[in-house]
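Heads up: the sequence shown is residues 3 to 327, going by this note's numbering.
Every residue, glycine too, gets a C-beta built ideally from N, C-alpha and C.
Nothing here was measured: the structure is a model prediction, and the numbers come from that model.
To keep things clear, I will list the structure first and then write my remarks on it.
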Amino acid sequence: METILKVENLKKFFPIKKGVFRTTAGRVHAVDDVSFTVKKGETLGIVGETGCGKTTLGRTILQLYKPTHGTVRFEDRIISDMKRRELLPYRRNFQMIFQDPFESLNSMHTVGYILEEPFIIHKIDNKQQRIKNVKSLLDRVGLQKNAMEKYPHEFSGGQRQRIGIARSIALNPKMIVCDEPVSALDVSIQSQILNLLMDLQNDLDLTYIFISHDLTVVRHVSDRVAVMYLGRIVEMAGADEIYTKPLHPYTKALISAIPRHSTASNIERIILKGNVPSPVNPPSGCYFHPRCPIAQEICREKYPEFKNYSLNQSEHMTSCHMAGK
Ligand code: SF4
3 METILKVENL
13 KKFFPIKKGV
23 FRTTAGRVHA
33 VDDVSFTVKK
43 GETLGIVGET
53 GCGKTTLGRT
63 ILQLYKPTHG
73 TVRFEDRIIS
83 DMKRRELLPY
93 RRNFQMIFQD
103 PFESLNSMHT
113 VGYILEEPFI
123 IHKIDNKQQR
133 IKNVKSLLDR
143 VGLQKNAMEK
153 YPHEFSGGQR
163 QRIGIARSIA
173 LNPKMIVCDE
183 PVSALDVSIQ
193 SQILNLLMDL
203 QNDLDLTYIF
213 ISHDLTVVRH
223 VSDRVAVMYL
233 GRIVEMAGAD
243 EIYTKPLHPY
253 TKALISAIPR
263 HSTASNIERI
273 ILKGNVPSPV
283 NPPSGCYFHP
293 RCPIAQEICR
303 EKYPEFKNYS
313 LNQSEHMTSC
323 HMAGK
């Protein structure tokens with residue numbers, strides 16, 4: 003499979019401004035030196051606790067935030083260097099589905115206009131054809147055509163997410179970043195939305211980056227999974243591999259916390275001590291060392307290299323001094 007996305011040494015730091023003169027008092031290390039590739043048609047899951055930087059990573063990949071450092075290559079172009087005007091025609095190739103569709107859908111507009119807007123912005127088709135497009139999008143996501151005349155608040159959470167999905171696929175994108183797309187929904191609705199996303203992936207040849215704190219959901223939809231901690235990817239492997247043979251102590255702790263009916267049943271429950279350290283002043287050495295149950299002296303001094311520990315052809319990357327020992 004060909005590579006559709008290549009992220010290299012990506013960093014996104016947010017300045018903390020203080021005082022009357024708004025001087026920079028520090029920086030939040032939201033995404034801190036992240037590199038990976040995504041193959042065309044695959045789903046890369048990104049998991050981690052709230053505040054680990056996964057949403058910022060998704061937004062920085064899509065250039066909703068400009069990176070502090072590093073590059074994002076989409077197909078054969080580096081999009082992280084593009085100016086706004088140059089990026090606009092490219093944007094139709096990569097879209098985002100948000101956790102709360104109510105926030106992302108303009109409540110002042112009808113659903114018909116919300117779905118027509120991408121065609122207007124990109125000057126695609128005349129009015130008559132655009133209305134046909136909107137009807138076809140509604141049909142594609144399982145909504146009635148009369149939804150066009152209604153406003154977002156007239157729909158349930160699951161229906162609103164269907165509208166958000168319809169808007170995200172309007173311009174035939176190649177890649178979609180799904181940011182916690184089912185977290186705000188009832189469990190009974192979650193599976194319907196996940197099935198819709200997987201159907202669309204098959205039918206439209208989509209590539210997904212699927213961000214979630216819910217490890218069970220991520221395993222269900224992903225080909226590969228990346229685990230984030232304090233702005234960095236600490237482990238990345240095929241979905242089955244990472245859930246059954248995790249190498250990094252943080253991944254082991256996350257997986258051990260999945261309810262017992264899952265594959266975590268053979269992994270002893272690991273309770274992590276302390277809270278996630280501040281991303282303003284990450285710890286020295288391995289960022290996980292203050293909470294790691296097997297930390298050694300070297301862990302406080304040196305950040306472990308992110309390298310492949312797979313014993314077969316596949317990749318199983320992690321950054322831990324104790325991996326493989
Ligand atoms: Fe724990 Fe050390 Fe591995 Fe970090 S490098 S996860 S502190 S053993």
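Item, Value
"Residues sharing a beta bridge with Arg-75, DSSP", "Lys-8 and Ile-80"
"Span of the alpha helix (DSSP H) around Arg-293", "Arg-293 -> no alpha helix (DSSP H), and no H or E assigned at all."
"Asn-310 in three-state terms, based on DSSP", "strand"
"Span separating the alpha-carbon of Ala-266 from that of Gly-60", "Low confidence applies to Ala-266: its pLDDT is 49, below 50, so where it sits in the model is not reliable, and the reading given next is rough at best. The alpha-carbon atoms of Ala-266 and Gly-60 are separated by roughly 27 Å."
"beta-carbon Ala-255 near the ligand SF4 non-hydrogen atom, thresh 7 Å", "no"
"The stretch 223-233 contacting the stretch 33-50, beta-carbon criterion three pairs below 8 Å", "yes"
"Sequence-ordered residues whose beta carbon comes within less than 5 Å of a heavy atom of the ligand SF4", "Pro-251, Cys-288, Phe-290, His-291, Cys-294, Ile-296, Ala-297, Cys-301, Pro-306, Cys-322, His-323 and Met-324"
"Val-36 to Glu-10 span [Cα, whole Å]", "6 Å"
"heavy atom of the ligand ATP below 7 Å from Ala-297 C-beta", "Looking for the ligand ATP in the displayed structure turns up nothing; the ligands present are the ligand SF4."
"Inter-residue spacing [alpha-carbon to alpha-carbon] between Ala-239 and Glu-317", "6 Å"
"The stretch 210-219 touching the stretch 125-141, judged by at least three CB pairs closer than 8 Å", "no"
"Residues sharing a beta bridge with Met-3, DSSP", "According to DSSP, Met-3 bridges with nothing at all."
"Of the residues Arg-162, Asn-148 and Leu-208, the one placed nearest Met-177, counting alpha carbons only", "Leu-208"
"Classification of Thr-253 by the beta-carbon crowding that lies within 10 angstroms, buried from 16 upward", "buried"
"Cβ neighbours of His-263 in the same chain (closer than 8 Å, five flanking residues each side left out)", "Its pLDDT being 47, under 50, His-263 is placed unreliably in this model, and the coordinates cannot settle the point."
"Alpha-carbon to alpha-carbon, Gly-160 and Ile-133", "23 Å"
"Rounded straight-line distance, which links the Cα of Ile-244 to that of Glu-303", "27 Å"
"Host beta strand (DSSP E) of Lys-41 (start-end)", "25-41"
"Nearest candidate by alpha-carbon position, reference Met-110, set Pro-154, Asn-95 and Phe-23", "Pro-154"
"Local Cβ density within 10 Å of Leu-199, reported as buried at 16 or more and exposed below that", "buried"
"Same chain, Cβ closer than 8 Å to Arg-271, five either side skipped, listed in chain order", "Ser-258 and Ala-259"
"Nonlocal neighbours in the same chain, by C-beta distance under 6 Å from Ile-300, ignoring five residues either side", "His-323"
"Buried or exposed (CB count within 10 angstroms, at least 16 for buried), Gly-166", "buried"
"Burial state of Asp-34, where buried means 16 or more other Cβ atoms lie within 10 Å", "buried"
"According to DSSP, residues forming a beta bridge with Leu-46", "Ile-211 and Arg-226"
"Limits of the unbroken alpha helix (DSSP H) element including Glu-51", "From DSSP, Glu-51 is part of no alpha helix (DSSP H); its letter is neither H nor E."
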